[in-house]
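A.B. asks:
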Amino acid sequence: MTAPIRTVFWENEAVVMVDQRALPGEERYVRCDDYRRVMAAISDLTVRGAPAIGVAAALGIALGARSFGNSSWEEFRLETLRICDDFARTRPTARNLFWAIERMKRRLATLPPDPARAGDLLLAEALSILEEDIEVNRRIGLHGRTLIDDGDAVLTHCNAGALATAGYGTALGVLRAAREEGKRFVVYVDETRPVLQGARLTAWELAREGIEACLVTDNMAGWLMKLGRVRKVVTGADRVAANGDTANKIGTYSLAVLARHHGIPLYIAAPRSTIDLSLPDGTAIPIEERDAEEVRGFGGLRWAPEGFPCFNPAFDVTPADLVSAIITEDGIVSPPLGENLRRL
Ligand code: MRU
């Protein structure tokens, strides 16, 4: 049995995370003993994936709050709220980040006015968020595996695995769960330009578990479908609006259009903490734009002319009508997504 991947955890008064920028070449860990280092790690993709950045932020908030353990209660409270606001500026799209920050703020509001004790209780809350995320992913897996058939061929995009969560994964959690019940299938892994979460991270996760997989570049998906080699598309999500419109890694929308054209179902695996009922539809989802250098090259190699104009949205929004179902920890939500998400 392969050892579980430790994406982000708490150790000796620090937030520790596997450095996802270095994978798969090197498995190294980054130790953050200052909350500002956790913020930087979220922004620079040391830790990435919607649930994982929520967990990292919760631990980072606890870390920051604990550094005010000797302050007055008012200072502790105000500084902790300021740290929450700082974390909210790290990345705009993933709902889980804001969900985790709100949960830490709610906990803060209930704490006894004793900074040292409150610091411990905030850490306990962050650790619960971490533990619950793994449990939630397992439940997503149990529901989602009913959609995977023996002999299937599944295309996935980006990394929605253990590395994108506290452990186990959402889209890859579905595949892990299907595998655990003995189903055999092949996973096509989109490389996922510009920063290659598929080629580097999903491929690494699947290889270490011996799940049969095949890497393709993003522009091969259509032809793969035309050849009849893809039966299902399963991805994660960064934010789902009330009507079911789904933001996920750039390229998901193209896959959704291709899948519809070829009569292939697209399933989104996401915890309830990704669903944002406050936004009526996907037009209200903030889409992060990242540094143009990510498009001009990768890993120190630049293949485009220096300074060449680029567009680099990190996410796109797939309209609800292209989504066949959303797999959550509380069951599979089928169309009409808006109505059924509200019921959930
Ligand atoms: O920019 P990233 O790597 O944070 O984007 C991640 C994704 O788009 C994932 O598909 C999404 O967060 C779901 S992870 C369970």
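Using this note's numbering, read the sequence shown as starting at 553 and increasing by one per residue.
For each residue, glycine too, the CB sits at the ideal point set by N, CA and C.
Note that the coordinates shown come from a computational prediction; the quantities given were computed from them, not determined experimentally.
1) Just the C-alpha distance for E761 and T554, rounded to the nearest angstrom, thanks.
2) Suppose you measure from the CA of F628 to the CA of C636; what does that come to, to the nearest Å?
3) Which two residues bound the contiguous alpha helix (DSSP H) that contains I653?
4) I'd like to confirm something about D790: is its beta-carbon nearer than 7 Å to some heavy atom of the ligand GTP, or not?
5) V590 to A730, Cα distance in whole Å?
6) Is any non-hydrogen atom of the ligand MRU found closer than 7 Å to the C-beta of T717, if you look at the structure I gave you?
7) Out of curiosity, what's the CA-to-CA distance linking L679 and L611?
8) Assign D770 to buried or exposed, taking buried as 16 or more other Cβ atoms, counted over all protein chains shown, within 10 Å of its Cβ.
9) Please name the residue or residues paired with N800 in a DSSP beta bridge.
10) Here's the rule I'm using: 16 or more other beta-carbon atoms within 10 Å means buried, otherwise exposed. How should P667 be labelled?
11) Relative to the C-alpha of A718, which residue among V847, A602, L707, I763 is closest?
12) For W775, count the other beta carbons within 10 Å of its own beta carbon; 16 or more makes it buried, fewer makes it exposed. Which is it?
13) Under three-state DSSP, which class holds T769?
14) So the alpha helix (DSSP H) V607 belongs to, where does it begin and stop?
15) Does the beta-carbon distance from P556 to R752 come in below 8 Å?
16) Just tell me which of L896, G671, D828, T662 has its CA closest to the CA of E565.
C.D. replies: From the atom records:
1) Roughly 6 Å between the two C-alpha positions.
2) Distance between the alpha carbons of F628 and C636 is about 12 Å.
3) First-last of the alpha helix (DSSP H) with I653: 647–661.
4) In the structure shown, the ligand GTP is absent; the only ligands present are the ligand MRU.
5) Between V590 and A730, the C-alpha separation is close to 34 Å.
6) Distances taken from the Cβ of T717 to the heavy atoms of the ligand MRU include one shorter than 7 Å.
7) One C-alpha to the other measures close to 7 Å.
8) Buried.
9) Beta-bridge pairing links N800 to D868.
10) Only buried fits P667, as 16 or more other CB atoms lie within 10 angstroms of its CB.
11) Relative to A718, the option among V847, A602, L707, I763 whose CA is nearest is A602.
12) Here W775 is exposed: its Cβ has fewer than 16 other Cβ atoms, across all protein chains shown, within 10 Å.
13) Coil, per DSSP.
14) 602–618 is the span of the alpha helix (DSSP H), which, as asked, contains V607.
15) No, these two residues do not count as a Cβ contact at 8 Å.
16) When C-alpha distances from E565 are compared across L896, G671, D828, T662, the shortest belongs to G671.
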